[in-house]
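Colleague: Protein chains in written order, with the working numbering: chain A, 1372 to 1611; chain B, 7 to 327. Positions of the beta carbon are idealized from the N, C-alpha and C atoms, including for glycine. Quick one: the structure is below, questions incoming.
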Amino acid sequence: MLDDPTALPSSGGEATVLGLDNVAVTLPVAGVGSRVLAAVFDYAAQAVLQIVWVFTAFGSMRMAGDRPGWGAAVYVVGIFVIDWGYFSGSEILFRQQTLGKRIVRLRVVTREGGTPTVGSLLVRNLTRPVDLLAGIPMIALDPLGRRLGDRLAGTLVVHEEKPGGSMLRRVPEGWTSRDIAAVEMLLERSSEMEPERVERMASRLVGVLAARHPEFLSGIDRGGPSVEVLRRAFAAGRSG
Amino acid sequence: MNYAALLELREPAWREFDARLLEARRRSHRLEYRELEDLALAYRQILQDHALVSSRFPATAAAQRLSRLVLEGTRWLYETRDETPHRFRDFWTRRFPEAFRRLAPNLFVTVSLFGLAAVFGLFLALEQTALATSLLPRGAIEDLERGHLWTESLVRTVPPSVSSSGIATNNISVAIVGWAGGALAGLGSLYIVLMNGFLLGALVGVTAHYSLAPRLLEFVAAHGILEITLILVTAAAGLKMGQALVEGGDRPRREAMRDAARESLTVLGGCAPWFVPLAIVESLVSPSPALPFAVKLAAGLTLEALFLFVAWNPFLRRSEA
């Protein structure tokens, strides 16, 4: 019933859709895990806002003295606005992100990857009560990870792409993209990994390079930690 | 072409596109046509590089960087805007009445079902009073046995400012849920319509059993007519979404659903503000013992006529011509 003929075969957490130029655009679609995590942060933020509002409203009621009815009325309206307006308001005002989406680095885009209209953001969020019933299975089953509100609004939730790590300026002859990606990832993540593990992996790589591509390391200072040797080797000059 | 040579050749263009995009985002309202055209041209080159790199060098840092640039470029360049987002007058004189008129078949369905459910509720309450009475809380039954409507104690104990804000927010919530429920193939909207119809009929029946039906009708005369209308209109709008979900017609379902959602949102936006004056009437005019039934009924009919006038807009065709 809900097949989407323009969604191309996807792999992993990515979906390829035809953009507005009819050019295939790969979107890093957010799955159930990250969506639920973002929602947990958002519902927690909503609860905090409501608690703050309760204290503010009751404080104003005490200050209002003999006319406490107005404080209670403001309290009722405020709770209503937080209830129905938190998600729509955040996505409209903060570039298609709620607080939870910002923490998990997600963003709402149109099905073609563009910026959704205010109307689309309202539709996807006002239908949220319905999605509390069926949203999670729908996200899990749909290749584009859409809940009912997304389908009605024509939107997707995607991961925000990382800036992209450092790129290798020199590459030994015959290396495949897998080899390149592995070294780029090691250099990028070396600061987050255990130093001994990094050193072990890097020294093994330096050994392989020295054995198979000795010319690649010629003229490179091989003193200091192996990861620094790799950094110098892959950054220096031009590819051979 | 190897990876390093590709980077040397194309990376300056990627860096330039990144900088241009940042600049364009900073001063999007002051961007000249020429700058925008250049950016769009650079975006197409980025798309080409993205296609090449993601097939020749997948999962590399260059592929990731291009993927980010494509996403950001697409998001920024394809910022679709609502047709007329800020034109207040256009909304009330054209968009809302147009959407409301197109809703007529769905409205016929919701009104009919509401009527049937109300008649069923009324007959059930008259025939099986004990069963219908169980729908009301114990306190309300005690009030009825003492010859009072439960609504009277409600307005005596709560200040009008609180009751009107509570009524307005509750009714808007019901309208939104009724509308959103339409997304479940129309089932949620139908539930709201049938439940409201049944409850109204049953309440009239129960109050009739205690000889208080005229008092209930007097209470609802000022606000009930428009309140029911608004619930039925928003449910009809929700039904439209459900209809598109089940049967897209000649167009792809994806487009049919998107258009139905947009149009039904317009109807919801046109109905929601009416709940505010309605709540004020409900908390001030409806329970007032000083106002006679005729005045309350006149107020209710005036509100209804005003809404239908705005929603239908008899001048629509003439002004368009």
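Does any residue of chain B have a CB that is nearer than 9 angstroms to the CB of K1533 of chain A?
Modeller: Closer than 9 angstroms to some Cβ of chain B, the Cβ of K1533 of chain A qualifies, so yes.
Colleague: Quick one: what's L1473 of chain A bridged to in DSSP?
Modeller: According to the sequence displayed, residue 1473 of chain A carries Arg and not Leu. In DSSP, R1473 of chain A forms no bridge with anything.
Colleague: Tell me the DSSP secondary structure of H229 of chain B in three-state form.
Modeller: Coil at H229 of chain B, not helix or strand.
Colleague: Counting only the same chain and skipping the five closest in sequence on each side, list residues whose C-beta sits under 6 angstroms from that of W156 of chain B.
Modeller: Answer for W156 of chain B: A146, D149, listed in chain order.
Colleague: When the Cβ atoms of the stretch 267 to 279 of chain B are set against those of the stretch 206 to 220 of chain B, are three or more pairs found closer than 8 angstroms?
Modeller: Output reads no: the stretch 206 to 220 of chain B does not touch the stretch 267 to 279 of chain B.
Colleague: Give the residues of chain B in contact with I1551 of chain A, contact being defined as C-beta atoms less than 7 angstroms apart.
Modeller: Near I1551 of chain A (Cβ distances below 7 angstroms), the residues of chain B are Y9, F63, T66.
Colleague: Is the Cβ of V316 of chain B closer than 9 angstroms to any Cβ of chain A?
Modeller: It does not: the Cβ of V316 of chain B has no partner Cβ on chain A nearer than 9 angstroms.
Colleague: Just to confirm the assignment, what range does the beta strand (DSSP E) spanning H1530 of chain A have?
Modeller: 1526 to 1530 is the extent of the beta strand (DSSP E) around H1530 of chain A.
Colleague: Return the chain-ordered list of same chain residues with a C-beta closer than 8 angstroms to the C-beta of Q1467 of chain A, the five sequence neighbours on each side being excluded.
Modeller: Cβ within range, chain order: R1478, V1479, V1480, T1486, P1487, L1492.
Colleague: Closest to F204 of chain B by C-alpha separation, out of B:A138, B:A305, B:E43, would be which residue?
Modeller: If we check each option's Cα against that of F204 of chain B, B:A138 comes out closest.
Colleague: Can you check whether the C-beta of S171 of chain B is within less than 9 angstroms of a C-beta belonging to chain A?
Modeller: Closer than 9 angstroms: yes.
Colleague: Helix, strand or coil for R81 of chain B, going by three-state DSSP, please let me know.
Modeller: Correct three-state label for R81 of chain B: helix.
Colleague: Expressed to the nearest angstrom, what Euclidean distance is found between the alpha-carbon atoms of G1594 of chain A and S1574 of chain A?
Modeller: For G1594 of chain A and S1574 of chain A, the distance between alpha carbons rounds to 12 angstroms.
Colleague: Would you say A174 of chain B and F281 of chain B are within 9 angstroms of each other, going by their C-beta atoms?
Modeller: Closer than 9 angstroms, so yes.
Colleague: With C-beta atoms as the reference, is A1416 of chain A less than 9 angstroms away from L1497 of chain A?
Modeller: Not in contact: A1416 of chain A and L1497 of chain A (Cβ atoms no closer than 9 angstroms).
Colleague: Please list the partners that A189 of chain B has in chain A, where partner means a Cβ-to-Cβ separation under 7 angstroms.
Modeller: Per Cβ cutoff of 7 angstroms: T1498, V1501, L1519, L1523.
Colleague: Out of curiosity, what's the CA-to-CA distance linking L218 of chain B and G153 of chain B?
Modeller: Taking the straight line joining both Cα atoms gives about 7 angstroms.
Colleague: Using DSSP with H/G/I as helix, E/B as strand and the rest coil, what is L142 of chain B?
Modeller: Coil, per DSSP.
Colleague: Give me the residue from A:M1564, A:A1443, A:G1449, A:V1554 with the minimum Cα distance to V1600 of chain A.
Modeller: Checking every option, the nearest Cα to that of V1600 of chain A belongs to A:V1554.
Colleague: Could you please give the first and the last residue of the uninterrupted beta strand (DSSP E) stretch that includes V1396 of chain A?
Modeller: That run of the beta strand (DSSP E) goes 1395 to 1398.
Colleague: Which residues in the same chain as T240 of chain B place their Cβ atom closer than 6 angstroms to its Cβ, once the five residues preceding and following it in sequence are excluded?
Modeller: Cβ within range, chain order: A181, G184, W185, L274, C277.
Colleague: Measure from the C-beta of R1478 of chain A to each C-beta in chain B and report whether the shortest distance is under 9 angstroms.
Modeller: It does; some Cβ of chain B falls within 9 angstroms.
Colleague: Which class does R260 of chain B belong to by DSSP, given the choice of helix, strand or coil?
Modeller: Residue state, collapsed to three classes: helix.
Colleague: Whose C-alpha, out of B:Q249, B:M263, B:A136, is nearest the C-alpha of T1526 of chain A?
Modeller: T1526 of chain A has its Cα closest to that of B:M263, out of B:Q249, B:M263, B:A136.
Colleague: Use the C-beta contact count for T1547 of chain A: other C-beta atoms within 10 angstroms, 16 or more gives buried, fewer gives exposed.
Modeller: The residue in question, T1547 of chain A, is exposed, as its Cβ has fewer than 16 Cβ neighbours within 10 Å.
Colleague: From the DSSP output, read off the bridge partner residues of R1478 of chain A.
Modeller: According to DSSP, which records beta bridges pairwise, R1478 of chain A is partnered with A:V1529.
Colleague: Considering Cα atoms alone, identify which of A:R1518, A:E1559, A:R1549 is closest to M1538 of chain A.
Modeller: Checking every option, the nearest Cα to that of M1538 of chain A belongs to A:E1559.
Colleague: For S325 of chain B and chain A, any beta-carbon pair shorter than 9 angstroms?
Modeller: The pLDDT assigned to S325 of chain B is 49, lower than 50, so where the model puts this residue is not dependable; a value taken from the coordinates is nonetheless given after this. By this cut-off, S325 of chain B is not an interface position.
Colleague: Would you check if there are 3 or more beta carbon pairs closer than 8 angstroms linking the stretch 10 to 20 of chain B to the stretch 1577 to 1593 of chain A?
Modeller: Not touching, per the Cβ criterion.
Colleague: Short of 7 angstroms in beta carbon distance, which residues of its chain neighbour E224 of chain B, apart from the five on each side in sequence? Order them along the chain.
Modeller: So the qualifying residues of the chain are F299, K302.
Colleague: Using 8 angstroms as the Cβ pair cut-off and three pairs as the minimum, do the stretch 71 to 82 of chain B and the stretch 49 to 60 of chain B touch?
Modeller: Output reads yes: the stretch 49 to 60 of chain B touches the stretch 71 to 82 of chain B.
Colleague: Quick check on the DSSP output: the alpha helix (DSSP H) that includes M201 of chain B runs from which residue to which?
Modeller: Looking at the DSSP string, the run of the alpha helix (DSSP H) that includes M201 of chain B is 193 to 215.
Colleague: Just the Cα atoms here: how many angstroms apart are E288 of chain B and R221 of chain B?
Modeller: Between E288 of chain B and R221 of chain B, the C-alpha separation is close to 14 angstroms.
Colleague: Closest Cβ-Cβ distance between T116 of chain B and chain C: below 9 angstroms?
Modeller: As a matter of chain content, chain C is missing from the structure shown, whose protein chains are A and B.
Colleague: Tell me which same chain residues have a C-beta within less than 8 angstroms of the C-beta of V1579 of chain A, skipping the five on either side of it?
Modeller: Here the set comprises nothing.
Colleague: On a CA-only basis, which of A:A1443, A:V1569, A:V1501 is nearest P165 of chain B? Give me that one, please.
Modeller: Here the closest residue by C-alpha is A:A1443.
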